[in-house]
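Undergrad: The opening residue of the sequence shown carries number 68 in the working numbering; numbering runs sequentially from there.
A virtual CB, placed ideally from N, CA and C, is assigned to each residue, including glycine.
For clarity, every value in this text was computed on a predicted model and none was experimentally measured.
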Amino acid sequence: MGQRPQSRTTGSRRGPLAWVYSLAPTVGIEATAAGFGAVRGHAVALAGLERALARGQLHHAMLFVGPRGVGKAKVARALARALHCPVAPRRGCGECSTCHRIDTDRHAGLEWMVPESIGAKIKVEAARELATRLQLAPFEGDAHVVVLDPAEALTDQAFNTMLKTLEEPRPGVHFVLIAEALDGLLPTILSRCAVLRFGRLGDDDVAFALDHALADRPSDDEVPAARRLLAIRLADGSAGTAIELALDVTLDATHALLREASRAAERGPAVIFAGESSALSTSWASATAGPTTGKSARERLAVMRTSELWLLDLRERLRGRDGVPDVVAPRGDRRAWTRATETLIELQTRLERNANARLAFEAALLDLWEHGDDART
Ligand SMILES: [Zn+2]
């Protein structure tokens with residue numbers, strides 16, 4: 068518990084991009100932002116906070132709820148700047164030494180309560196220690212912001228220990244609970260919090276956050292423009308996901324395999340089984356390259372990644388947006404895309420049951436081709 072590591076993203080790791088989360092290096096999405104004006108998106112939530120600050124009526128327990136990676140923690144930090152900044156009170160200038168210390172986690176007026184590792188729980192002892200300290204310890208400045216991120220990480224017992232503190236904290240203390248969804252949180256918690264909802268970001272805001280994060284990271288490795296665009300398009304309004312995708316070097320090989328697989332699924336057996344020198348086989352070899360040991364696990368992972376990317380492509384098309392660049396859409400209408408989605412989910416089920424990855428992949432390509440054939444007749 069304590070200071071928030073800069074290189075950590077938060078939130079549970081589930082959903083269609085689970086493999087990306089488990090593999091890609093992660094960075095925080097903090098950009099050097101000056102006040103709320105520099106936080107992208109979330110106009111309604113930010114306007115509510117600004118109003119409350121202006122009236123001196125900021126709630127002592129706020130729950131920021133919304134998808135992972137959209138900037139909830141960033142807004143919590145901006146709120147701490149707004150409360151502490153001597154240059155631009157109630158807004159935060161983003162330039163002064165106070166703002167700078169808040170941005171770099173060197174200001175005692177902003178405290179993060181986070182689990183030791185992703186998926187770990189925050190236990191009752193930590194909650195008890197926090198509650199005691201908030202009663203007694205001296206503060207730096209007039210305000211003290213405590214961010215619980217993610218709120219889901221607190222055990223029910225830990226929450227119960229903090230109920231009284233949450234309900235009636237010492238003047239100046241503001242809790243920010245960060246969560247992806249309301250279900251899973253105790254009703255006794257919800258009833259004590261002012262809820263601020265955060266939606267998905269637009270692609271422009273995702274691109275803005277991604278470019279800031281890429282510029283801020285210590286490594287100089289260039290992220291290829293094609294991967295950057297792919298990351299933005301696939302991130303589904305989550306800047307955190309876009310950053311993870313953009314830094315995932317394996318995404319290029321996965322994308323190449325998907326491109327060839329989608330072509331093979333359109334053209335049929337002659338291309339699916341065209342032999343070792345075919346474009347499909349070459350991209351398969353790149354996506355599964357590595358030592359002799361662990362080959363079958365690597366093949367399963369490659370097929371799992373490719374099917375994930377393919378599912379994302381279909382999701383985008385079903386929403387009426389562009390699919391993944393260079394990927395051939397299944398022939399037919401929305402029904403065909405839905406059926407292709409089912410085929411790919413079936414493929415993933417077979418992989419989870421330890422089917423031979425290459426055989427299962429080829430069988431899925433044949434299925435997709437046959438469905439396409441149905442659509443033609
Ligand atoms: Zn400042």
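What residue range is occupied by the uninterrupted alpha helix (DSSP H) comprising residue 279?
TA: Its alpha helix (DSSP H) spans residues 270-283.
Undergrad: Here's a check: name, in chain order, each residue in its chain whose Cβ is nearer than 6 Å to the Cβ of residue 211, leaving out the five neighbours to either side.
TA: Excluding residues within five positions, the ones whose Cβ falls inside 6 Å are 176, 239 and 240.
Undergrad: Relative to the C-alpha of residue 171, which residue among 148, 186 and 258 is closest?
TA: Of the candidates 148, 186 and 258, the one whose C-alpha sits nearest the C-alpha of residue 171 is 148.
Undergrad: Would the beta-carbon of residue 154 be found less than 7 Å away from any heavy atom of ligand 1?
TA: Checking the Cβ of residue 154 against ligand 1 gives yes.
Undergrad: Please name the residue in 437, 362, 340 and 369 whose C-alpha comes closest to that of residue 319.
TA: Among 437, 362, 340 and 369, the Cα nearest to that of residue 319 belongs to 369.
Undergrad: Apply the 10 Å Cβ neighbour rule to residue 247 and answer buried if 16 or more other Cβ atoms are within range, or exposed otherwise.
TA: Buried.
Undergrad: Note the first and the last residue of the continuous beta strand (DSSP E) segment covering residue 212.
TA: Run containing residue 212: 211-215, per the beta strand (DSSP E) assignment.
Undergrad: Using only the heavy atoms of ligand 1, determine whether one of them is closer than 7 Å to the beta carbon of residue 159.
TA: Because some heavy atom of ligand 1 lies under 7 Å away, the Cβ of residue 159 counts as near it: yes.
Undergrad: For ligand 1, any of its heavy atoms closer than 7 Å to the Cβ of residue 383?
TA: No, ligand 1 has no heavy atom inside 7 Å of this Cβ.
Undergrad: Can you name the start and end residues of the alpha helix (DSSP H) that residue 370 belongs to?
TA: Per DSSP, residue 370 belongs to the alpha helix (DSSP H) from 362-385.
Undergrad: From the DSSP output, in three-state form, read off residue 316 for me.
TA: Note: residue 316 maps to coil in three-state DSSP.
Undergrad: Using CA atoms only, rank isn't needed, just tell me which of 341, 244 and 327 is closest to residue 393.
TA: Residue 327 is the option with its Cα nearest to residue 393.
Undergrad: Since residue 301 and residue 414 are thought to touch, with beta carbons under 8 Å apart, how far apart are those beta carbons, to the nearest angstrom?
TA: Actually they do not touch by this definition, with Cβ atoms about 19 Å apart.
Undergrad: Is residue 92 buried or exposed, if buried means 16 or more other CB atoms sit within 10 Å of its CB?
TA: Residue confidence for residue 92 is low, a pLDDT of 28 falling below 50, so the modelled location carries little weight and cannot support an answer.
Undergrad: Decide if residue 250 is buried, meaning its Cβ has at least 16 other Cβ atoms within 10 Å, or exposed.
TA: Exposed, by the Cβ-count rule.
Undergrad: Measure the C-alpha to C-alpha separation of residue 163 and residue 154 and round it to an integer number of angstroms.
TA: Cα-Cα distance, rounded: 7 Å.
Undergrad: Counting pairs of beta carbons, one from the region 130-144 and one from the region 214-232, are three or more of them closer than 8 Å?
TA: Because the criterion of three Cβ pairs below 8 Å is met, the region 130-144 and the region 214-232 touch.
Undergrad: Assess contact between the region 283-290 and the region 249-267, defined as three or more Cβ pairs (one per stretch) separated by less than 8 Å. Is contact present?
TA: In short, these stretches do not touch, since the Cβ pair count stays below three.
Undergrad: Comparing alpha-carbon positions, which option in 267, 343 and 355 lies nearest residue 322?
TA: Out of 267, 343 and 355, 355 has the C-alpha closest to the C-alpha of residue 322.
Undergrad: Take residue 270 and list the residues in its own chain whose beta-carbon comes closer than 6 Å to its own, dropping the five residues that flank it on each side.
TA: 299.
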